[in-house]
Amino acid sequence: MSDLILQAAQAEKTTPLPWLADFQQLQNNTWLRQAVPTRKTEAWRYTPLNRLEKGNFFGAPAQVHECSECLQEQISLPDANGDELDCYRLVFVNGFYAESLSALGELQTGVSLCRFGDANEAQQSAIKTHLGTIANDSVNLFTTLNNSQLQEGVLLSLDDGVVLDKPLRILWLGSAQAVPFSVTQRLLVLMGANSQAMVLEQHLSDDAEQNSFTNGVTELSLGEGAQLHHYRLHQEHESVLHIGGVFADLGKNSLLNSFHLAFGSVLTRIDIVVNHRGQGAHSELSGIYLPRNNQYVDYHTCIEHRVPNCTSNEVFRGIIGDSARAVFNGRIHIHRDAQKTSAKLSNKNLLTSNRAEIDSKPELEIYADDVLCAHGATISQIEDEALHYLRTRGISDQEARVLLSFGFINTLIEKIPHTEIAEYLRPKLAVLFARDPELLRHIV
Amino acid sequence: MLAINNLHAEVEEKQILKGINLDIKPGEVHAIMGPNGSGKSTLGHVLSGREGYEVTQGSVQFGQKDLLEMSIEERAREGLFLAFQYPVEIPGVSNMEFLKASVDAVRAHNELPDLDAVSFMKKARSVCKAVDLDQSFLKRGVNEGFSGGEKKRNEIMQMMLLEPRLAILDETDSGLDIDALQVVAEGVNSLRSPDRSFIVITHYQRLLDYIEPDFVHVLAGGKIVKSGDKSLALELEAKGYAWLAEEVV
Amino acid sequence: MSQEHIDKLIESDYAAGFVTEVESETLPPGLNEDVVRFISGKKNEPQWMLDWRLKAYRAWREMTEPEWAHVDYPPIVFDEISYYSAPKSMADRPQSLDEVDPELIATYNKLGIPLHEQAALAGVAVDVVFDSVSVVTTFKSKLLESGVIFCSMSEAIKDYPELVQKYLGSVVPQKDNFYAALNSAVFSDGSFVYIPKGVRCPMELSTYFRINESNTGQFERTLIIAEEGSHVSYLEGCTAPMRDENQLHAAVVELVVLDNAQIKYSTVQNWYPGNAEGKGGIYNFVTKRGIVHKNARLSWTQVETGSAVTWKYPSCILKGDNSVGEFYSVALTNNYQQADTGTKMIHIGKNTRSTIISKGISAGKSSNVYRGLVRMNPGAEGARNFTQCDSLLIGDKCAAHTFPYIESKHPTAVVEHEATTSKVSDDQLYLCQQRGIDAEKAVSMIVNGFCKEVFKELPMEFAVEAGKLLEVSLEGSVG
Ligand SMILES: Nc1ncnc2c1ncn2[C@@H]1O[C@H](COP(=O)(O)OP(=O)(O)OP(=O)(O)O)[C@@H](O)[C@H]1O
Ligand SMILES: [Mg+2]
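One line per chain: the protein sequences are A, B and C, in this order. Residue numbers for the first sequence, in my numbering: 1 to 444. Residue numbers for the second sequence, in my numbering: 1 to 249. Residue numbers for the third sequence, in my numbering: 1 to 479.
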C-alpha cells in the first residue's frame, strides 16, 4: 500500500516548474501522510486500486514522443461544414506540450491562455493564487498527488465581460512506451464576471497498450454571471488507468454546463464537485459511461448547494457490457440555509451481460427544509414493448436492440448544444454497440 | 390474402380467442367491432406475432405462407402492418432513423435497393404532410411526448411509408378530433387498391362513414358472432351489443 | 405561519413517561464471561446454549462498534451497563393475569393497554416482556390447538431445544455485527414463534416491550419460524418510561419464512426519545432479518417515532425463487432524535420481488436517514425492485438524508429507485386553515396523508395506534 505513496512521492520530474516548487513541496508532504484508500473507505469502497498499486507507474518518467500517425488522425474534429473546427488548440503528448500539433493564434484582449511551462509572470501569479483552491474541499487524495506531481497544465483566464470567440480544445494524448509511466494533467479556468467560454477536454491515446496511469484534474472558477460550456471526454485506449476530477466554483448567477463521457481506460475514476457559492447559480451536469470488456468506470459526483436560490440538474446514463463494472455515486448536499434550492439527479443504467455489474448510489443530504430535491436511479433492460414495436415495422431484433441501446444514451447526445460535438461523437459511440456496420447504418 | 381458420389463442394462460374464422380477399376492407375486452386487439397482436400471445389451435395463411411460422419482423416485411391502439414512446431513437430503418428492412426483403437519403427524406416529408404532422415530428424521438392523436397519425404515416399488403388498424380513430379522423381516413383511402386489404378495428360507426368497409364483423367473447355488410355497423350503433348475445345464445 | 409556531406544534410530551415501582433483581454493571454464565445459569439453560452465548461473547470482544451510520452520540461504556434484571416475582411465574403484580397491570393500563380486555377483544395473544423476562402469556392454549407455538425464548430453549438449535443464529449469526454479537451473548429473553406446515395462525401475535430499570440494557431475541405454506402476522410494539440516563437496546429478530409461507412483521416503536434538549432517551441498535424461501413472502412494516438514536435495517434475504420482500416504514424524528434506518433487499433467487416504501419525517433539530441496500445477485434472473423514499422536513434546523446502495449483477434484473423531499408548505397549511382546520390538526393531517401508503399496510389495531402515535408526537401546545 504505502509503496504506492512513496514511489509516487519520489517520482522524478523531467521539466519541473521552479516557480511552483514551494506549493508542490507542501502538497508532496500532504500526499506522504495519506493512506491509500481501502474497501472500507466509503468513497472508494467499489474502486479497485490493485492495478495502480501493482503497475509500477512511477518508476520511470514519461518520454517525449514523436506523434504517431494514429494520434494525428485522432486530433481532427470537423465543424458543421466538414472543415476542421476553428478553435484554440493545445495538444499534449504524454504530458509534454506538442507545439507542432497545437494552434493558439492571436488571442483577444482580456484573454489569457497559456500552458504552465510558458506562463509569464502575471500568469504564474494567477496560477499560484488559484491552483488547488477549487479542488480544495475534495476528498480525492489523487488531487493532492496531481498538485505535487504536475509539470504542465493549461491556464485560461478571462477578464470580466469577455466572450471567448472560439472554443478552447485541449487534447491530452497518450503514446505508448515500453516501461510503465504516469502522466499528470491539469487545467485551470478562471472566468471573470459575465465572461463566456466553451472548453473541450479530450483524453485520447494511440491504439496500443499504454501501460500508463493518468491523473487529470480540472479546476473551474466561474465569476458572477459567467457561463461555461465544458466537455470532458475520456476516449483513451482500454489499457489506460485514469483517476481524475473536475472541481467547479460557481459565482452568483453563473451557469455551468458540463458534459462527461467515458468509454476508454481500464480504470476510470472521476470525481466531480460543483460548488454553488453564489445565489442564482445553475449547473447542468450530464454524462455517459459505456464500459465493456473488463473496464471499470466510476463517477463520483457531488453537487454542493452552499447558498440559497440555486438550481442544479444532473443526468448520467450508462450501458455496461461484458465483464465491465460501473459505479455511479451522485450526491446532492444542501447546506443549512441553502433555502429555495432545486436539485435533481437521474441515473439510468442498462446491463447487457450477465457478468457486468453496476453499483449506483444516489445520495441526498439535506439540511434545509424549503427545497425541492429529487433523485432517481434505475437499472433495467431494453424495454420489451419498444423492441416489439420496432420489429413489427420489419426491423430485425438485432438492429432494434442496437437502435434502442443507442437511443438510451442518444437522449443525452441530442441535448449537447454544440452540434459538431454531437456529430463527432455519434459514430464514435455507435461502433461500441455493434461490430457489424449494417446494424449501425441508421444511427450514424 | 389472409385466411384465419379456427384460431385459438391465449395470453398468460387465459384463453382469449376461441375459434376465429375470417377470410380476407385482396382489396377488401373488413371492419371488426365488439365490446371492450372481447379480443380485438388480441387478434391484431396474434397476427403480428407479439410475444406472450400463444396460438393454441388453428391456422393463419398469409398469401402463400403460413403466417404463424414467421417471426414478427418477417411478417412485417411480408407486408403485414399493425397500427397500434397504444403506440409506445421510444426516447432517443428519432422518428426519422426509425422510419428509415424500417423502410430499408422491408425493401431489402423485397430485394429492392435502399432508398438514398434524399429520396427517403422527400417521401418521409410528403407522408408527414399527408397526415398533417409538422416536419419537426420526424426529428423527435419515436412517439416521444406525442399527444394521443399525434401518435395515431404517426402510425398512419408509417403505414403510408411502408405500403403494406395488409394493414390492421386497431382503434386508430379513438382519441382523434374530426379533422384528424378525416386525415386518417384519407390516408387509408389513398392506399386502397385491388391488391391491398385492411382490417379496421373500431368502436364507432363514424369511421366507417369515411372508410367504407366491405364487411363488418362483431367479435364477442373471442369469437366472431356476427358478420354482415356495412349496415351491420349502423345496427350496432343503434342497438349496442346486448341483442347479439341473446341471438348467439 | 411562523417557524416558531410550527416548532410548537411538533413539540410533544412523552405520553408514556412514568416509572413503575416494581422491585427488580439487577446484576451489577459490567460484562465478562461470568456475566454471560450468570445469565445463562439464572435461566437454567442447557450447556449448548451457554456455549453459544460464550462463542458470541468472545467474538464480540474482538469487534468494534460500527461507525458508518449517520448518527452521533457519546461513546457507550459497555462496562457501565447492567446486563440482567428480572422482576422479583419471577420465581413463581403467574399463571393468569390475576396473579400478575398489580403494579405491572397498572402500568399497562396507564399505557392504554388493558391486557385481558384488549387481548380478548382484538383476538390478540400478548406475550408481555417486562424488562428482561417474560411475565405472562395469554392465549397460549388456544394457539397450541392449531399447533402454533408462541412462548418466551427461555421457555423455547427448554421445551423446543431442537427448533431453537436449528434456527437460532441461522439468519443473524452471532458474529453478524457488533450489536448482534452483544445480543447473542447476553440476550435476556424474547419471543419464540413456530407455525407448523400449512397452518394459518388463528390470530395476530403481539408483544409489548418495555424498558424500565435505569441503566439496564435490554437485549431481546425474537425467533419466528413459518413452516411451508403457513401464515402469521406478528405485531411488536414498545413504549418506555421517562428516564434521564441513556439506555441501550440491542435486539435481534430472526425470521425464517419457508416455502410458500408468509410472515407479516409490524412494529410500532415508541421508546423514550429523550427530552426537548436531547437529554436521555433510548439507544436502539437493532438487527432484524428474515430469510425468505421459494414463493414465500416477508413483509416488514414499521412506525418509528421513539428512541434518541435508532440504527435499524429490517432486511430480507430473498433466497427462494419467486420470493417477495416488502418494507414499509414511517420514521419520525423530533428535537435531537437521530434515526438511521432502512432496509436491505438481497435478491438471490429468480423472479424475486421487493418493494420499499420509506417515509421520513424530520422536525426540530433531528436527523433522519434512510439507508438501504438493494442487491441483485448473479442468479437473480428477472428480479424486480421498486423503491420510493420520501422525506418531509418540518422546520429549517432538521436534516433528512437518503443513502441508497443499488447493486446489480444480473442483466434481466430491474431496479427502480426514487427519492424526493418536501416540506409542509405554507400553502397547504393556509388551505387547511381557510377551511377551518386548526394548524395543529392540519400538520397532523398532512403528515398522516404523507404516511398513508405505509399505514395501510399495518394491521387494523396497529393502524389506529400508529395514527395516534404520530398525532401525539406532533401534539403541541396549540389550543
Ligand atoms: N397480457 C395480458 N394478460 C392478461 N390478460 C390480458 C392480457 N392482454 C389482454 N388480456 C385480456 O384479454 C381480453 C381481450 O383483450 P383485448 O385487448 O384483445 O380486448 P379488445 O377487444 O381490444 O378491447 P378494447 O375494445 O377495450 O380495446 C381482455 O379481457 C384483456 O384483459
Ligand atoms: Mg383493443
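Glycine included, C-beta positions come from ideal geometry on N, C-alpha and C. All of these numbers come straight from a predicted model, not from anything done at the bench.
Residue-chain proximity (residue i, chain A), Cβ-Cβ < 9 Å
i, result
"Asp340 of chain C", "no"
"Thr333 of chain C", "no"
"Pro151 of chain B", "The sequence given here places Lys at residue 151 of chain B; Pro does not occur at that position. No, Lys151 of chain B does not count as interfacial toward chain A."
"His30 of chain B", "no"
"Pro378 of chain C", "yes"
"Pro87 of chain B", "yes"
"Trp68 of chain C", "yes"
"Ile446 of chain C", "no"
"His217 of chain B", "no"
"Gly123 of chain C", "Note on Gly123 of chain C: pLDDT 35, under 50, position unreliable in the model; no value is reported."
"Ala415 of chain C", "Correcting the residue identity first, residue 415 of chain C is Val in this sequence and not Ala. Judged by the 9 Å Cβ criterion, Val415 of chain C is in contact with chain A."
"Asp170 of chain B", "no"
"Ile201 of chain B", "no"
"Ile149 of chain C", "no"
Cβ shell of residue i (< 6 Å), same chain only, five flanking positions each side left out
i, result
"Thr392 of chain A", "none"
"Trp44 of chain A", "Pro37"
"Leu255 of chain A", "Gln227, His282"
"His333 of chain A", "Glu304, Glu365"
"Asp359 of chain A", "Tyr46, Val327"
"Cys492 of chain C", "Missing from the structure shown is residue 492 of chain C; chain C here goes from 1 to 479 and no further."
Within chain C, partners of residue i - CB distance below 9 Å
i, result
"Tyr289 of chain A", "By Cβ distance, chain C contributes nothing, its closest Cβ being about 15 Å from Tyr289 of chain A, past 9 Å."
"Asp370 of chain A", "Leu393, Asp396, Lys423, Ser425"
"Tyr296 of chain A", "The contacting residues do not exist; Tyr296 of chain A stays about 14 Å from chain C at best."
Closer than 9 Å at the beta carbon, the chain B residues around residue i
i, result
"Leu404 of chain A", "Ile90, Gly92, Val93"
Test: residue i CB closer than 9 Å to a CB of chain B
i, result
"Leu20 of chain A", "no"
"Asn354 of chain A", "no"
"Ile409 of chain A", "yes"
"Glu414 of chain A", "yes"
"Gln286 of chain A", "Checking the sequence shown, residue 286 of chain A turns out to be Ser, not Gln. Output row for Ser286 of chain A: interface = no."
"Leu390 of chain A", "yes"
Supposed contact pair residue j and residue i - C-beta distance, whole angstroms, cut 8 Å
i, j, result
"Thr378 of chain A", "His417 of chain C", "7 Å"
"Gln24 of chain A", "Asn147 of chain A", "7 Å"
"Lys319 of chain C", "Gly349 of chain C", "6 Å"
"Tyr283 of chain C", "Leu332 of chain C", "That pair is no contact at about 17 Å."
"Ala484 of chain C", "Leu429 of chain C", "No answer is possible for residue 484 of chain C: the residues shown for chain C start at 1 and end at 479."
"Asn270 of chain C", "Leu469 of chain C", "6 Å"
"Gly79 of chain B", "Pro164 of chain B", "5 Å"
"Ile320 of chain A", "Leu351 of chain A", "5 Å"
Interface partners of residue i on chain C, CB under 7 Å
i, result
"Leu364 of chain A", "His401, Thr402, Ala419, Thr421"
Minimum Cβ-Cβ distance from residue i to chain C less than 9 Å
i, result
"Leu351 of chain A", "yes"
"Cys373 of chain A", "yes"
Chain-ordered chain A contacts of residue i [CB-CB under 7 Å]
i, result
"Thr412 of chain C", "Gln381"
Under 8 Å from the C-beta of residue i: neighbouring residues of chain A
i, result
"Lys279 of chain C", "Result: empty, since nearest Cβ-Cβ is about 23 Å, beyond 8 Å."
"Glu97 of chain B", "Leu403, His442, Ile443"
"Ala105 of chain B", "Arg393, Gly394, Ile395, Ser396, Glu399"
"Lys100 of chain B", "His442"
"Arg77 of chain B", "Gly394"
Neighbourhood of residue i by C-beta, 8 Å cutoff - its chain only, sequence neighbours within 5 removed
i, result
"Ala69 of chain C", "Trp311, Asp340, Val369, Arg371"
"Asn215 of chain A", "Phe142, Leu145, Asn146, Gln149, Ser182, Val183, Thr184, Gln185, His242, Ile243, Gly244"
"Ser38 of chain B", "Leu219, Ala220, Gly221, Gly222"
Cut-off 7 Å between Cβ atoms - residues of its own chain near residue i, not counting five sequence neighbours on either side
i, result
"Met157 of chain B", "Val127, Cys128, Val131, Leu133"
"Ala135 of chain A", "Thr143, Val217, Glu219, Gly245, Phe247"
heavy atom of ligand 4 below 8 Å from residue i C-beta
i, result
"Asp173 of chain B", "For ligand 4, the structure offers nothing, since it holds only ligand 1 and ligand 2."
Proximal chain C residues relative to residue i, where beta-carbon distance stays under 8 Å
i, result
"Gly376 of chain A", "Glu416, His417, Glu418, Ala419"
Checklist entry - How would the residue list near ligand 1 read, in chain order, if you kept each one whose beta-carbon is closer than 5 Å to any heavy atom? => result B:Val11, B:Glu12, B:Ile16, B:Asn36, B:Gly37, B:Ser38, B:Gly39, B:Lys40, B:Ser41, B:Thr42
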